[in-house]
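>
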Amino acid sequence: MQTSSDRHEYPAHWEADVVLRDGGTARVRPITVDDADRLVSFYEQVSDESKYYRFFAPYPRLSAKDVHRFTHHDFVDRVGLAATIGGEFIATVRYDRIGADGMPASAPADEAEVAFLVQDAHQGRGVASALLEHVAAVARERGIRRFAAEVLPANTKMIKVFTDAGYTQKRSFEDGVVRLEFDLEPTDRSVAVQYAREQRAEARSVQRLLAPGSVAVVGTGRAPGGVGRSVLGNIRDAGFTGRLYAVNRALPGKQEELDGVPAYRSVRDIDAPVDLAVVAVPAEQVPDVVTECGEHGVQGLVVLSAGYAESGPEGRERQRALVRHARAYGMRIIGPNAFGVINTSAQVRLNASLAPEMPRPGRIGLFAQSGAIGIALLSRLHRRGGGVTGVTGVSTFVSSGNRADVSGNDLLQYWYEDPDTDVVLMYLESIGNPRKFTRLARRTAAAKPLVVVQGARHGAAPQGHAVRATRLPHATVSALLRQAGVIRVDTITDLVDAGLLLARQPLPAGPRVAILGNSESLGLLSYDACLAEGLRPHRPLDLTTAATPADFHAALSRALADDTCDAVVVTAIPTVGESAAWDAALAQALRSAAAAVPSKPVLVVHVELGGLAQALSAAASTAPQAGAATPGGAQTLPPDRRPPSAVEAPEGARLIPAYPAAERAVRALAQAVTYAQWRREAAEPGKVPEYEDIDEKAAARLIDGLLTRGQGLTLGTEATCDLLGMYGIDVHRALVAPTADAAADAARALGYPVALKATAPHLRHRADLGGVRLDLTDEEQLRRAYAELTDLFGRPEEVRPVVQRMAPRGVDTVVRAVIDPAAGAVLSFGLAGAASQLLGDMAHRLVPVTDREATSLIRSIRTSPLLFGWRGSAPVDTPALEELLLRVSRLVDDHPEVVAVTLEPVVVAPRGLSVLGASVRLAPPPARDDLGPRTLPAY
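Everything in the sequence shown is counted per numbering that gives the first Met the number 0, starting at 0 for the first residue and increasing by one.
Have a look at this one:
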């Protein structure tokens with residue numbers, strides 16, 4: 000690459016793949032001396048107008064001097080980046096460091112001139128905006144804090160690139176040129192702009208995969224059967240609205256059709272654009288297919304082929320090469336080892352999957368990393384959608400297999416604004432970028448419910464998934480997901496149960512539940528289930544087994560009109576001689592009563608009432624085709640054999656979910672109640688308070704000085720107290736007492752009463768072993784306690800005794816913060832001792848924590864009543880505890896070098912609190928891929 004005279008090695012970490020505004024991808028990388036021919040070719044394809052805007056004069060070609068200048072960089076003061084597709088340049092950007100006089104300079108000069116050139120054919124794709132993010136990050140890394148750009152007034156597109164970026168800037172006009180200057184320090188607006196662009200680009204990239212205008216299935220065998228031939232038939236039978244092609248290089252030369260579909264030997268032979276290619280050839284043939292698709296202009300790939308990372312190290316390298324190969328042509332990939340994609344929209348009707356039947360159209364977006372789980376979810380939704388609960392069907396479905404490229408994060412970007420999706424259900428076996436997932440989940444959950452079940456919770460991720468390690472236990476990860484508004488469930492049954500309720504019922508305003516029905520026992524089961532889930536049920540209303548549909552209608556109407564009721568659970572059991580007409584009448588009665596009060600959810604618990612469930616769920620828009628087979632092979636009833644309302648329910652009728660067990664219905668309702676409460680709180684998220692006594696700059700100087708001693712170190716007592724003190728956290732100092740005389744001297748210095756503690760690792764925080772002696776009021780008691788301690792546990796050097804002044808009595812708590820390489824900074828809180836250590840009763844929040852989150856954090860643990868006057872005890876000073884949590888959060892957020900903080904015990908008294916023990920660990924901060932410019936995961 001660069002010559003030996005260059006000041007820095009080639010910065011490979013600047014290379015990145017980015018998603019552009021239209022959903023395609025490009026590669027961003029530094030420009031080197033080897034790029035001379037590419038630069039000349041690129042420049043020849045730029046229009047004269049664009050050249051004029053770049054050089055302020057006619058500039059038809061680059062001179063040899065120009066080429067040398069634009070390809071020779073030191074990667075410090077002179078940097079050039081290129082956006083490439085298929086290895087060829089489509090845009091360039093460069094900066095040159097300048098001094099106060101505007102002339103070339105070196106550090107410490109912190110300003111640079113920046114200039115762009117984008118090939119005309121690629122203008123409007125967001126290439127310049129993406130390059131600006133990347134070159135700004137490079138400049139910050141090299142100590143440049145400000146960019147200057149001179150632009151002709153007529154070059155409105157480039158002016159817009161700079162002004163829309165969100166940086167703090169100023170503009171001037173002189174000698175017919177607009178001069179823009181802007182600071183490179185990210186602002187709230189620049190970050191918001193970046194996230195918005197990321198969302199639009201990634202959503203568009205998924206849309207291109209889910210709503211193609213044309214599809215080619217590559218690997219359609221000549222004989223019936225096989226993966227490719229099956230997928231071809233599934234796409235054709237679903238009624239795909241676009242153009243469909245079959246591709247098989249072994250086809251006889253004269254064969255022009257396969258199963259009624261135009262057939263070709265190669266994608267290159269197709270004389271029309273192809274938007275999506277479904278690849279079902281052996282893994283060793285995939286690279287040739289990718290090349291054909293890239294050269295033909297295919298926009299995306301669904302790779303069903305196996306033999307990649309799931310098969311071991313060789314397959315993992317094959318998978319990396321596949322992603323690099325596809326991205327070089329600007330294509331995104333679902334898979335490999337994927338089950339496929341489905342879009343039930345009437346405008347698309349795409350079933351590019353191994354599912355033999357098109358799912359019922361509906362409002363649920365479904366993502367599964369596992370093909371087997373994807374099949375199970377589709378099957379359950381189909382059964383529940385047609386005969387058991389029947390609330391809704393699927394809008395779009397993606398089973399990503401090894402998710403080498405397109406992941407759950409990309410689907411969240413798409414579903415966030417998808418008007419056809421009301422609820423998102425996800426089965427995840429791994430989360431490749433937890434920070435980004437949490438950010439996207441929080442935003443999505445604020446607009447529509449997001450329900451997640453995690454597989455591989457207690458073991459390693461599937462072999463095919465590239466994920467970073469996390470030190471956080473599953474319970475902590477689940478708590479962080481709930482903080483982001485995710486409805487976290489344990490099984491795919493719970494996933495479907497919750498999704499069906501949320502898809503068509505309103506969110507409950509609170510936890511108060513009315514229960515009514517014709518079975519006293521089923522009502523009592525529902526009542527007990529509500530109490531177990533933390534809901535507040537009314538006493539069940541027994542309508543008796545003689546209840547008619549009119550009785551149900553009247554009782555449900557009264558319950559919904561009751562201001563003390565937020566939701567209603569209706570229980571129903573079959574009666575002797577019950578007919579299909581009675582089922583339909585009861586369903587109509589319940590739907591009619593529910594429609595009169597659309598703000599409250601209604602659920603039905605039924606026992607073997609197939610007709611009722613089908614009638615409850617019926618709607619013309621979601622009913623399956625007459626006689627259609629479910630994935631399990633069962634036949635649905637034709638119109639002349641269905642209950643009348645199962646066919647005649649009006650379009651858009653209020654559909655009521657029905658459940659075969661009270662526990663399942665109530666669990667889904669409880670999840671909806673919790674989510675609704677989160678939505679209300681998320682509307683007012685709180686703020687991160689400022690404290691005037693925090694000295695952030697002094698703390699930074701102290702941390703920098705301490706880190707010069709090593710790459711990672713646990714601070715000593717003095718340094719710990721000093722650092723925490725700079726954030727307003729006062730630690731009760733403990734004085735070392737190697738002898739009884741030293742203990743007496745320490746006590747006199749601190750003032751009686753004092754505590755004597757053993758700090759040896761096996762005795763620390765173990766008052767139950769006798770290693771702590773409290774309320775020592777004079778020297779005689781202190782010396783006696785010292786002797787007892789050493790007699791019991793050994794010599795002073797083994798016991799490591801310390802003396803500390805007594806703190807006011809209160810509740811012992813523990814506060815921790817840790818930087819996890821995958822999830823980021825996490826703040827944890829619990830009661831000290833058995834509650835946290837034995838029972839794991841800890842609550843967690845992502846940093847930075849807001850004042851509202853600090854308040855909820857201390858109330859989230861099961862033992863929180865001990866803080867609020869349990870059994871007549873005095874309530875402790877929780878506002879002081881909340882302030883401590885906020886200060887610790889600020890410390891680790893302001894200084895990512897602080898990778899671990901533990902405050903234990905923190906004694907919270909009725910007035911104030913005392914931090915009796917503290918430890919801090921410093922280390923160079925782990926790399927964060929949620930900051931900086933937009934990039935796709937590296938391969």
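Note that beta-carbon positions come from the ideal geometry of N, C-alpha and C, so glycine has one too.
Alpha carbon to alpha carbon, what distance is there between Val-665 and Leu-534?
Residue numbering aside, residue 534 sits at position 535 when the sequence shown is read from its first letter. Residue numbering aside, residue 665 sits at position 666 when the sequence shown is read from its first letter. Going by the C-alpha atoms only, they are around 9 angstroms apart.
> Thinking C-alpha only, which one of Val-814, Val-17, Asp-562 and Asp-33 is nearest Tyr-9?
Within the sequence shown, numbered from 1, the residue matching residue 9 stands at position 10. The shortest Cα separation from Tyr-9 among Val-814, Val-17, Asp-562 and Asp-33 belongs to Asp-33.
> Spatial neighbours of Val-891 within its chain, please: CB distance less than 6 angstroms, with the 5 preceding and 5 following residues excluded, ordered by chain position.
As a working mapping, residue 891 is identified with position 892 in the sequence shown. Cβ neighbours of Val-891 beyond the five flanking positions: Ala-816, Ala-824, Val-846 and Val-897.
> Mark Tyr-690 as exposed unless 16 or more other C-beta atoms lie within 10 angstroms of its C-beta, in which case mark it buried.
Reading the sequence shown from its first residue, position 691 is the one you call residue 690. It counts as exposed.
> Could you give the distance in angstroms between the alpha-carbon of Gln-368 and the alpha-carbon of Leu-701?
For the purposes of this step, residue 368 is identified with residue 369 of the sequence shown, where counting begins at 1. For the purposes of this step, residue 701 is identified with residue 702 of the sequence shown, where counting begins at 1. C-alpha separation (whole angstroms): 46 angstroms.
> Counting along the chain, where does the alpha helix (DSSP H) carrying Tyr-51 start and finish?
As a position in the sequence shown, residue 51 is number 52, starting the count at 1. Where Tyr-51 is concerned, the enclosing alpha helix (DSSP H) stretches over 47-54.
> Looking only at its chain, what residues have a beta carbon closer than 6 angstroms to the beta carbon of Val-277, apart from the 5 residues adjacent to it on each side?
Numbered from its first residue, the sequence shown carries residue 277 at position 278. The answer, listed in chain order, is Val-216, Val-230, Val-301 and Ala-351.
> DSSP three-state label for Thr-437, please.
Within the sequence shown, the letter at position 438 stands for residue 437. Note: Thr-437 maps to helix in three-state DSSP.
> Taking just the CA atoms, how far does Gly-400 sit from Leu-521?
The residue labelled residue 521 in the question sits at position 522 within the sequence shown. The residue labelled residue 400 in the question sits at position 401 within the sequence shown. Rounded to whole angstroms, Leu-521 to Gly-400 spans 42 angstroms at the Cα level.
> Between the C-alpha atoms of Ala-733 and Gln-412, what's the straight-line distance to the nearest angstrom?
Position 734 of the sequence shown holds residue 733. Position 413 of the sequence shown holds residue 412. Whole-angstrom Cα-Cα distance: 52 angstroms.
> Can you tell me whether Thr-155 sits near the ligand MG, meaning its C-beta is under 7 angstroms from at least one heavy atom of the ligand?
The ligand MG is not among the ligands present in this structure, which contains no ligands whatsoever.
> Which stretch, first to last residue, makes up the beta strand (DSSP E) that contains Gly-498?
Here residue 498 corresponds to residue number 499 of the sequence shown, with the count starting at 1. From DSSP, Gly-498 is part of no beta strand (DSSP E) but of the alpha helix (DSSP H) over 491-503.
> Using the Cα positions of Thr-877 and Ser-863, report the straight-line distance between them to the nearest angstrom.
Working through the sequence shown from its first residue, we reach residue 877 at position 878. Working through the sequence shown from its first residue, we reach residue 863 at position 864. If I take the Cα positions, the gap works out to 10 angstroms.
> Between the Cα of Gln-44 and those of Arg-315, Ala-586 and Pro-59, spot the shortest distance and give me the residue it belongs to.
For the purposes of this step, residue 44 is identified with residue 45 of the sequence shown, where counting begins at 1. The residue with the shortest Cα to Cα distance from Gln-44 is Pro-59.
> Return the first residue and the last residue of the beta strand (DSSP E) that Met-157 is part of.
As a first step, residue 157 must be located in the sequence shown, where it is residue number 158. First-last for Met-157: 155-162, but that is the alpha helix (DSSP H), not the beta strand (DSSP E).
> Just the C-alpha distance for Trp-677 and Gly-484, rounded to the nearest angstrom, thanks.
Along the sequence shown, read from residue 1 onward, the residue named residue 677 stands at position 678. Along the sequence shown, read from residue 1 onward, the residue named residue 484 stands at position 485. The straight-line gap from Cα to Cα measures roughly 6 angstroms.
> Roughly how many whole angstroms lie between the Cα atoms of Thr-155 and Arg-170?
In the sequence shown, the residue the question calls residue 155 occupies position 156. In the sequence shown, the residue the question calls residue 170 occupies position 171. Those two C-alpha atoms are separated by around 14 angstroms.
> Pull up the CB-CB distance for Ser-525 and Val-568, whole angstroms please, since I reckon it's below 8 angstroms.
Taking the sequence shown and counting its residues from 1, one reaches residue 525 at position 526. Taking the sequence shown and counting its residues from 1, one reaches residue 568 at position 569. Correct: roughly 5 angstroms between the Cβ atoms.
> Tell me, which residues are paired with Asp-182 by DSSP?
Reading the sequence shown from its first residue, position 183 is the one you call residue 182. BP columns for Asp-182 point to Arg-145.
> So, at 7 angstroms on beta carbons, what are the nonlocal neighbours of Ala-108 in its own chain, with the 5 sequence-adjacent residues on each side left out?
Walking along the sequence shown from the start, residue 108 turns up at place 109. Cβ within range, chain order: Arg-96, Ile-97 and Gly-98.
> How about Leu-246 and Tyr-263: do their beta carbons lie closer than 8 angstroms?
Looking up residue 246 in the sequence shown gives position 247. Looking up residue 263 in the sequence shown gives position 264. Checking the sequence shown, residue 246 turns out to be Val, not Leu. Closer than 8 angstroms, so yes.
> Roughly how many angstroms lie between the CA atoms of Ala-403 and His-537, to the nearest whole one?
Residue 403 sits at position 404 when you count from the first residue of the sequence shown. Residue 537 sits at position 538 when you count from the first residue of the sequence shown. Ala-403 and His-537: Cα-Cα distance of roughly 50 angstroms.
> If you reduce the DSSP assignment to three classes, tell me which class Phe-867 lands in.
Mapped onto the sequence shown, residue 867 falls at position 868. Three-state DSSP puts Phe-867 in coil, outside helix and strand.
> With distances taken between CB atoms, is the gap from Val-919 to Val-900 smaller than 8 angstroms?
Taking the first residue of the sequence shown as position 1, residue 919 is located at position 920. Taking the first residue of the sequence shown as position 1, residue 900 is located at position 901. For Val-919 and Val-900, yes; Cβs fall inside 8 angstroms.
> Could you please give me the residues that DSSP links to Arg-920 through a beta bridge?
The residue you call residue 920 lines up with position 921 of the sequence shown. Answer is Thr-713 and Ala-899.
> In three-state DSSP terms, what is Tyr-426?
Working through the sequence shown from its first residue, we reach residue 426 at position 427. Correct three-state label for Tyr-426: strand.
> Would you mind reading off the limits of the alpha helix (DSSP H) that contains Arg-700?
In the sequence shown, counting from the first residue as 1, residue 700 sits at position 701. 695-706 is the extent of the alpha helix (DSSP H) around Arg-700.
> Can you list, in chain order, the residues of its chain whose CB lies under 8 angstroms from that of Arg-248, leaving out five sequence neighbours each side?
Here residue 248 corresponds to residue number 249 of the sequence shown, with the count starting at 1. Closer than 8 angstroms at Cβ, skipping near neighbours: Arg-264 and Ser-265.
> Among the candidates Gly-793, Gln-168 and Leu-250, whose CA atom is the shortest distance from the CA of Thr-758?
Walking along the sequence shown from the start, residue 758 turns up at place 759. The candidate whose alpha carbon is nearest that of Thr-758 is Gly-793.
> Indicate the three-state DSSP secondary structure (helix, strand or coil) for Ile-374 in the structure shown.
By 1-based counting over the sequence shown, the position of residue 374 is 375. If DSSP states are grouped into helix, strand and coil, Ile-374 belongs with the helices.
> Drop a sphere of 10 angstroms on the beta-carbon of Gln-624, count the other beta-carbons inside from all chains shown, and report buried for 16 or more, exposed for fewer.
Numbered from 1 along the sequence shown, position 625 holds the residue referred to as residue 624. Legend: pLDDT at Gln-624 = 37, less than 50; position of this residue unreliable, value from coordinates given subsequently. Result: exposed.
> Mind reading off the beta-carbon distance from Leu-321 to Ile-332? Whole number of angstroms is fine, and I expect it under 8 angstroms.
Sequence index remark: in the sequence shown, residue 321 carries index 322 (1-based). Sequence index remark: in the sequence shown, residue 332 carries index 333 (1-based). Rounded, the Cβ-Cβ distance is 7 angstroms, consistent with contact.
> Quick one: what's got a C-beta closer than 8 angstroms to Ala-279's C-beta in the same chain, skipping five residues either side?
Counting from 1 along the sequence shown, the entry for residue 279 is found at position 280. Only Val-216, Val-217, Gly-218, Thr-219, Gly-225, Val-226, Gly-227, Val-230, Leu-303 and Ser-304 meet the Cβ criterion.
> How would you write the range of the beta strand (DSSP E) that His-843 sits in, first residue to last?
Along the sequence shown, read from residue 1 onward, the residue named residue 843 stands at position 844. Run containing His-843: 841-845, per the beta strand (DSSP E) assignment.
> Taking the straight line between their C-alpha atoms, what separation do you get for Ala-743 and Val-730?
Within the sequence shown, numbered from 1, the residue matching residue 743 stands at position 744. Within the sequence shown, numbered from 1, the residue matching residue 730 stands at position 731. About 21 angstroms.
> Name, in chain order, the residues that DSSP records as bridge partners for Phe-69.
For the purposes of this step, residue 69 is taken as residue 70 along the sequence shown, with counting starting at 1. BP columns for Phe-69 are empty, so no partner.
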